[in-house]
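Worksheet: the structure to be examined is printed underneath.
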């Protein structure tokens, strides 16, 4: 079987062509099915369809690929036409113009004067400083405020500093409240990603009792996988992605163009520890988003194992980071609808193209 250019559209054929052992690993994690969606296009509509989607045939017969993670039940429905849908409501101002306006009334411009501090004080780095979150969603919830207002002006040194300061915040929070040991670092970049303040900043949280539900669900799923197959879930997840060309490894860090993403262009980064190499790879993925893919609004989540031993097992659980594109800043249409909230993720991007971009950028 000859596949000219691998893409999500022919993932079913790619999997069918894998060697037996690789196919077995892939199929114990992922199920791939396809469906054909057919439509009749009125002649009056054909010029608009050609202009928008390239051809009438592209609309009248659409292949939809459904990828289900059988271990975690993450699921994505892929159709490249989803990226070409019309957007009727758009912002007229450029990103720089909107950021310029936001910068005139910058709440994070002087953190010592305009933000609260945590009961254990602030943590200062070379490129950022922490503050207490004024509207918390857990008891230990802080903010890492970047010195640079513009969230997209980041370097490798800055990314490392943001993470290091977040980790030191977690250590101090843990010393202040020893029963809290589950650290989570979140960066919501710009308003499409949920940021209410546009000055660059990240959220840092330390949970008690157990990790947050989605991370806890992943932990339990990985343990269940180990018990069933006597294999490490995260190693096999990488192997499944790598076997179809959607992964790479560099300096001990594994990077996946996720096959069952939450939204478009999701990347998973896996490492044995949160060391310099992990932070460098994280920067490289972010730089690829910004410089190669033109992604300016994204969510980043970073979850290492707990800060101390816990009653539950974290065997085999690596440091995990997720990064996902949140779409066109100029569009007023949300990228998340009822299907994502209650059903499965609907995706217009192609993990294979994302993987090619990552492989080129990180070479």
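In our numbering, the protein residues as written are 201 to 563.
No residue lacks a Cβ here, since even glycine has one placed at the ideal position from N, Cα and C.
Neighbourhood of residue 382 by C-beta distance below 6 Å, restricted to the same chain and skipping five residues each side: For the purposes of this step, residue 382 is identified with residue 182 of the chain shown, where counting begins at 1. Counting only Cβ-Cβ distances below 6 Å, and skipping sequence neighbours, we find 407, 411, 506.
In its own chain, which residues sit with a C-beta less than 7 Å from the C-beta of residue 429, not counting the 5 before and 5 after it? Start at 1 with the first residue of the chain shown, and residue 429 comes out as number 229. Cβ neighbours of residue 429 beyond the five flanking positions: 228.
7 Å Cβ shell around residue 237 - same chain, five flanking residues per side excluded: For this step, residue 237 is matched to residue 37 along the chain shown. Once the five neighbours on either side are set aside, the close Cβ partners of residue 237 are 262, 264.
Which residue comes first and which comes last in the beta strand (DSSP E) that contains residue 498? For the purposes of this step, residue 498 is identified with residue 298 of the chain shown, where counting begins at 1. 498 to 503 is the span of the beta strand (DSSP E), which, as asked, contains residue 498.
Which first and last residues belong to the beta strand (DSSP E) in which residue 236 is found? Here residue 236 is taken as the residue at index 36 of the chain shown, counted from 1. Its beta strand (DSSP E) spans residues 230 to 238.
C-beta contact flag for residue 551 and residue 459 at 8 Å: Along the chain shown, one-based indexing puts residue 551 at 351. Along the chain shown, one-based indexing puts residue 459 at 259. Against a cut-off of 8 Å, the Cβ pair of residue 459 and residue 551 comes out as a contact.
By a C-beta neighbour count over all protein chains shown, 10 Å radius and 16 as the cutoff for buried, is residue 201 buried or exposed? Your numbering for residue 201 matches position 1 in the chain shown. Its pLDDT being 49, under 50, residue 201 is placed unreliably by the model, and the measurement read from it follows with that caveat. Answer is exposed; the Cβ neighbour count stays below 16.
For the beta strand (DSSP E) that residue 275 lies in, which residues bound it at each end? If you number the chain shown from 1, residue 275 lands on position 75. Taken as a continuous stretch (DSSP letters only), the beta strand (DSSP E) holding residue 275 covers 275 to 278.
Going by CA-CA distance only, name the one from 468, 535, 547 that's closest to residue 520. Here residue 520 is taken as the residue at index 320 of the chain shown, counted from 1. When only C-alpha atoms are compared, the closest one is 468.
Same chain, Cβ closer than 6 Å to residue 510, neighbours up to 5 away in sequence not counted: Mapped onto the chain shown, residue 510 falls at position 310. Answer for residue 510: no residue qualifies.
Quick one: grab the DSSP three-state call for residue 201. Looking up residue 201 in the chain shown gives position 1. Unreliable positioning characterises residue 201 in this predicted model, as indicated by a pLDDT of 49, which lies under 50. The coordinate reading is nonetheless provided below. The answer is coil: DSSP assigns residue 201 none of H, G, I, E or B.
Following the continuous beta strand (DSSP E) through residue 248, name the residue where it begins and the one where it ends. Working through the chain shown from its first residue, we reach residue 248 at position 48. Run containing residue 248: none in the beta strand (DSSP E); it sits in the alpha helix (DSSP H), 246 to 253.
Going by C-alpha to C-alpha distance, which of 223, 277, 377, 231 sits closest to residue 508? Translated into positions along the chain shown, residue 508 becomes position 308. Among 223, 277, 377, 231, the Cα nearest to that of residue 508 is on 377.
Beta-carbon contacts of residue 498 that lie in its chain and below 7 Å, excluding the five residues immediately before and after: Working through the chain shown from its first residue, we reach residue 498 at position 298. Once the five neighbours on either side are set aside, the close Cβ partners of residue 498 are 389, 393, 489, 523, 524, 525, 526.
Mapping the DSSP letters down to three states, classify residue 263 as helix, strand or coil. Sequence index remark: in the chain shown, residue 263 carries index 63 (1-based). Residue state, collapsed to three classes: strand.
What do you reckon, are the CB atoms on residue 422 and residue 516 nearer than 8 Å? On the chain shown, position 222 is the one that residue 422 refers to. On the chain shown, position 316 is the one that residue 516 refers to. Yes, the pair counts as a contact, with Cβ atoms nearer than the cut-off.
Jot down the residue ranges of each uninterrupted alpha helix (DSSP H) in the segment 371 to 433, minimum 4 residues, whole runs only, in chain order. 413 to 429
On the CB-based measure, 16 or more other CB atoms within 10 Å of its CB, does residue 463 come out buried or exposed? Sequence index remark: in the chain shown, residue 463 carries index 263 (1-based). That one is buried.
Leaving out five residues on either side along the sequence, give the residues of the same chain with a beta carbon under 8 Å from the beta carbon of residue 315. Stepping through the chain shown from its first residue, residue 315 is reached at position 115. Result list for residue 315: 307, 308, 331, 332, 334, 343, 345, in chain order.
Using 8 Å for Cβ pairs, my map puts residue 470 next to residue 434. What's the rounded Cβ distance? In the chain shown, residue 470 corresponds to position 270, counting from 1. In the chain shown, residue 434 corresponds to position 234, counting from 1. At roughly 6 Å, the Cβ-Cβ gap stays under 8 Å, so residue 470 and residue 434 are in contact.
Under a three-way DSSP split, which group does residue 549 fall into? Locating residue 549 in the chain shown gives position 349, counting from the first residue. Here residue 549 sits in coil by DSSP.
For residue 259, which residues in the same chain have their Cβ closer than 8 Å to its Cβ, ignoring the five residues on either side in sequence? Position 59 of the chain shown holds residue 259. Closer than 8 Å at the Cβ level, and outside the excluded window around residue 259, lie 239, 241, 249, 253, 281.
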